[in-house]
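Here the protein sequences come in this chain order: A and B. So for the first sequence, the numbering used here puts the first residue at 1; every next one is plus one. So for the second sequence, the numbering used here puts the first residue at 1; every next one is plus one.
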Amino acid sequence: MDPETQSMKLTFNIHGGDFTHAGQPSSEVKKVLKQLGIDGKTIKGIVIALYEAEVNVVAHAWKGTVEVEIDESKITIIVRDEGPGIPDIELAMQAGYSTASKKVREMGFGAGMGLPNMKKNTDELIIESEVDKGTTVKMINYFL
Amino acid sequence: MSGLPTYHALKVDAVKCIGCTHCMKSCPTEAIRVIDGLAVIDHERCVYCGQCHRACPTRAFYVEQDDLEMIRSFKYRVILFPSIMIGQFPEKYSEDQIYAGLKKVGFTHVYEVEQPMQVLIDSVHEVLEDQETHKPAISIYCPAIVRLIQGRYPSLTENLILRKAPHNLAAHFAIEQLIEEGARREEIGLFYATPCIAKIAAVKSPVGERESIVDGVVNMNQLYNEVMKVIADGDAEDNSIQRENLSAEGITWSLTRGESCHFGSRSIAIDGIHNAVRFLERLENDQVHGIDFIEMRACDQSCAGGILLTGNRFMTVERLERRAKRYPAAKDIAQTTIRVDTEELKQKLILDPIKPKPHFIFGKDRVKAMEKMNKAQRIVCFLPGIDCGSCGAPNCHALAEDMVNNKAKMSDCIYLQQMWVDEGRIKAEKAFLNVQKKWGTDRFKADCNKRGRRNEGF
Ligand SMILES: Nc1ncnc2c1ncn2[C@@H]1O[C@H](COP(=O)(O)OP(=O)(O)OP(=O)(O)O)[C@@H](O)[C@H]1O
Ligand code: SF4
Ligand SMILES: [Mg+2]
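Here is the structure:
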């Protein structure tokens, strides 16, 4: 079979500061996974993790992209942003740690639970970051 | 789950249907296609919300119902109807006059379904207090919403509250009361006056129940007409004993916030199918926090906006709210008045689990499904993105999906076809034949009675 048809690729852009439109990539991805007949629990985990990653770009970075690749057994999501980067990833991963501004907190974000939530809802989570350049989050979930 | 076949009460009249795409565009589940110039409903996808019925300019959608004559075969003939029906009648008629009218039509017993309400309220409270209950818990009151969730938001089926709707409550209640009075079960015929198609399907082929409790369904607008033929202005027999279990809560139950105001420390009420879709989308993404209870109804203004109602929905709401003020609170209706075992009644309200029925899957084989989706994506690149509906599908993407499922072809897109003519790839005559095949040969003839000609617009 043509290897190209064995996987599906989707890409999206995210704009920093645009909270009203956060959630569009995760909704689209959800739709595709549902059409593929992936079970509800797996989809839910993926959607939660992707949504948190999106919101992090919106809240903390300037702009970013989401690249999704789905094959027979798994989904790989790479969220890449241009932004301030994360100086201490281990610290950022701790539940409750947040540098969110007052404005972001007033919008109901900034509890410091995003990264821990992503960890909980993915099978693999790899974060690479360079201060003043940007952050790349790679998440993999395997299907049942 | 119920082994009953799903009952499809909604039909399209081929003579009246002009194949105008209004219904197709209004459908929240993309369940309608125009084929050979006629609207065709995919009953697997249809959730019975009635949007198509509302959108149709020629009233081509009709709702099948049982013959009223069939009630004659029972000794005890019970009409069960939601309280909103009372709100349909001109205000000059009293409740007793309306009840008397229903009896003249041929019923022996008249029951508004929302009674004894406290039994259902307590039962739902038990579910909400249970630690195992998935929050936010979603009411099953509106069957169109239940079907929408089963089909489009399958993972949320576990949030549905497994307690039956008021029509079951009243049906069980009526049976118990009549048996108490000396009737035998087989002598009792139960008939439900429905405000909508969704309830017809729910009554005839219930989800999470083993069999249908009622013997027949009557459309509320038809019953209204029958009653109006015989209703009298004069003194009517005092029927208030039949309403002794009716409460303020019962009367407003079918209105927006009629349920949600009783449950949860934080509750939400949503009406209108498109609002419901948007909210369920968020809920499924886990973007809704802290809410315990969700009331969700397919119709704007809930059942007051049901498609088989005659009155204006806002007027209906106002009347019911006023009527409710004259009735006692549910908890003040004494056990002694109810005269049946409420614990036993409560037991009867428990539903079997409701299973998901996802209907948006591209086939069971994941690799093949992915191939199809990739193909659909590639097809979309060639379609104009106008979502005009001239292909008989609700939008370009739906057409692409139909194509990969072998239900449509490239030439169904009129713009693509036009381009092919322009490029000399097909002949103009052939292109026109294709369009005629889709929309009928008479479609493009001049006709001064066509829609739009008589200023039917805004
Ligand atoms: N893409 C990013 N770019 C820069 N900093 C980030 C990024 N993602 C996370 N961080 C940093 O890591 C911290 C923790 O992130 P996390 O998502 O766990 O919490 P939060 O975004 O502050 O709050 P919440 O996600 O609960 O709304 C953030 O406050 C921020 O300092
Ligand atoms: S809101 Fe009421 S009338 Fe409308 S579909 Fe639901 S149950 Fe039927
Ligand atoms: Mg975050």
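Don't be surprised by glycine CBs; every beta carbon is placed ideally from N, CA and C. Since this is a predicted model, take the numbers as computed values, not measurements.
In chain B, which residues lie less than 9 Å from residue i when you measure between Cβ atoms?
i: VAL66(A); result: None at all; the shortest Cβ gap to chain B is about 15 Å.
What three-state label does DSSP hand residue i in the structure shown?
i: GLY64(A); result: strand
i: THR194(B); result: strand
i: LEU4(B); result: For LEU4(B), the predicted model reports a pLDDT of 48, less than 50, meaning its position is unreliable; a value from the coordinates is still stated below. LEU4(B) falls in the coil class under three-state DSSP.
i: GLY305(B); result: helix
i: THR147(A); result: The structure shown has nothing for residue 147(A), since chain A only spans 1 to 144.
i: PHE314(B); result: helix
i: MET85(B); result: helix
i: ALA111(A); result: coil
i: THR108(B); result: coil
i: THR146(A); result: In the structure as shown, chain A starts at 1 and stops at 144, and residue 146(A) therefore has no counterpart that could be examined.
i: ALA408(B); result: coil
i: ASP2(A); result: Only weak support exists for where ASP2(A) lies, its pLDDT of 49 falling under 50; the value from the coordinates is given anyway. Residue state, collapsed to three classes: coil.
i: ALA39(B); result: strand
i: ALA137(B); result: strand
i: HIS15(A); result: strand
What residues of chain B sit near residue i, judged by a beta carbon separation below 7 Å?
i: SER26(A); result: ASN285
i: LYS44(A); result: SER155 and ASP286
i: GLY16(A); result: In chain order: nothing, as chain B lies at least about 20 Å away.
Among the options, which has the Cα closest to the Cα of residue i?
i: ASN141(A); options: PRO116(A), ASP71(A), VAL104(A) and THR135(A); result: ASP71(A)
i: GLU54(A); options: GLY110(A), THR11(A), ALA100(A) and SER26(A); result: SER26(A)
i: THR58(B); options: ALA14(B), ILE79(B), PHE74(B) and ARG77(B); result: ALA14(B)
i: LEU116(A); options: ARG80(A), ILE75(A), MET107(A) and MET139(A); result: The sequence shown places Pro at residue 116(A), not Leu. The residue with the shortest Cα to Cα distance from PRO116(A) is MET139(A).
i: PHE263(B); options: LEU38(B), ILE200(B), ASP122(B) and ARG319(B); result: ASP122(B)
i: MET220(B); options: PHE74(B), ALA198(B) and ASP235(B); result: ALA198(B)
i: ASN56(A); options: ARG80(A), LEU144(A), GLU69(A) and THR11(A); result: ARG80(A)
i: GLU186(B); options: ASP422(B), ASP215(B) and ARG323(B); result: ASP215(B)
i: PRO350(B); options: ARG443(B), ARG54(B), ILE179(B) and ASN168(B); result: Residue identity check: residue 350(B) is Ile in the sequence provided, not Pro. If we check each option's Cα against that of ILE350(B), ASN168(B) comes out closest.
i: THR136(A); options: TYR97(A), PRO84(A), MET8(A) and LEU144(A); result: PRO84(A)
i: PRO469(B); options: ALA174(B), LEU320(B) and ILE71(B); result: With chain B covering only 1 through 458, there is no way to say anything about residue 469(B).
i: LYS75(B); options: LYS92(B), GLY87(B) and PHE107(B); result: PHE107(B)
i: SER73(B); options: PHE191(B), VAL203(B) and ALA393(B); result: PHE191(B)
Identify, in the order they occur along the chain, each residue of the same chain with its Cβ nearer than 7 Å to the Cβ of residue i, setting aside the five sequence neighbours on each side.
i: ILE333(B); result: PRO116, GLN118, ASN245 and SER247
i: GLU64(B); result: ALA9 and LYS11
i: ASP2(A); result: Residue placement at ASP2(A) is poorly supported in this model, since its pLDDT is 49, which falls under 50; the coordinates are not used for a value here.
i: GLU237(B); result: ASP96 and ALA100
i: ASP271(B); result: THR256, ARG297, CYS299, ASP300, GLN301 and SER302
i: VAL288(B); result: PRO136 and ARG282
In chain B, what lies closer than 8 Å to residue i by C-beta?
i: VAL32(A); result: MET373
i: TYR51(A); result: ASN285, ASP286 and GLN287
i: GLY40(A); result: PRO154, SER155 and PRO356
i: VAL47(A); result: GLU284, ASN285 and ASP286
Could you please give the first and the last residue of the uninterrupted alpha helix (DSSP H) stretch that includes residue i?
i: GLY114(A); result: 114-120
i: PHE382(B); result: 366-382
i: ILE414(B); result: 414-422
i: TYR99(B); result: 95-105
i: SER267(B); result: Note, SER267(B): premise wrong, no alpha helix (DSSP H); beta strand (DSSP E) at 267-271.
i: ILE149(B); result: 143-152
i: MET70(B); result: Per DSSP, MET70(B) belongs to no alpha helix (DSSP H) and is neither H nor E.
i: GLU124(A); result: It is not in any alpha helix (DSSP H) - GLU124(A) instead sits in the beta strand (DSSP E) that spans 124-130.
i: LEU178(B); result: 166-180
Apart from the five residues just before and just after residue i, which ones in its own chain have a Cβ nearer than 6 Å to its Cβ?
i: TYR99(B); result: VAL110 and ASN239
i: ASN434(B); result: SER411
i: PRO154(B); result: PRO356 and PRO358
i: PRO87(A); result: VAL131
i: ASP104(A); result: According to the sequence provided, residue 104(A) is Val. The question's Asp does not apply to it. Contacts found: ALA59 and GLY110.
i: GLU295(B); result: SER139, GLU259, SER260 and ALA269
Against residue i, what residues of chain A qualify as contacts under a CB-to-CB distance less than 7 Å, listed in chain order?
i: VAL367(B); result: GLN6 and GLU72
i: MET403(B); result: In chain order: nothing, as chain A lies at least about 15 Å away.
i: GLU281(B); result: SER27
Could you name the residues of chain A that residue i contacts, counting a contact when the two beta carbons are closer than 8 Å?
i: PRO358(B); result: LYS34 and GLY37
Residue i versus chain A: which residues are under 9 Å apart at the beta carbon?
i: PHE362(B); result: GLN35, LEU36 and GLY37
i: GLU44(B); result: Those within 9 Å of GLU44(B) in chain A number zero; the least Cβ separation is about 15 Å.
i: GLU132(B); result: Ordered by position in chain A, no residue passes the 9 Å Cβ test against GLU132(B), which lies about 17 Å from the chain.
i: MET228(B); result: Under the 9 Å cutoff, chain A gives no residues; its nearest Cβ is about 47 Å from MET228(B).
Grab the span of the beta strand (DSSP E) containing residue i for me, first residue to last.
i: SER26(B); result: SER26(B) -> not in any beta strand (DSSP E); alpha helix (DSSP H) instead, spanning 22-26.
i: ALA100(A); result: Per DSSP, ALA100(A) belongs to no beta strand (DSSP E) and is neither H nor E.
i: HIS359(B); result: No beta strand (DSSP E) contains HIS359(B), which DSSP labels as neither H nor E.
i: SER123(B); result: Taken as a continuous stretch (DSSP letters only), SER123(B) belongs to no beta strand (DSSP E), being part of the alpha helix (DSSP H) at 117-129.
i: ARG33(B); result: 32-35
i: GLU295(B); result: 293-297
Within a Cβ cutoff of 8 Å, which residues of the same chain sit near residue i, ignoring the five residues on either side of it in sequence?
i: VAL58(A); result: ILE14, HIS15, GLY16, GLY17, ASP18, PHE19 and ALA22
i: ALA55(B); result: HIS22, CYS23, LYS25 and SER26
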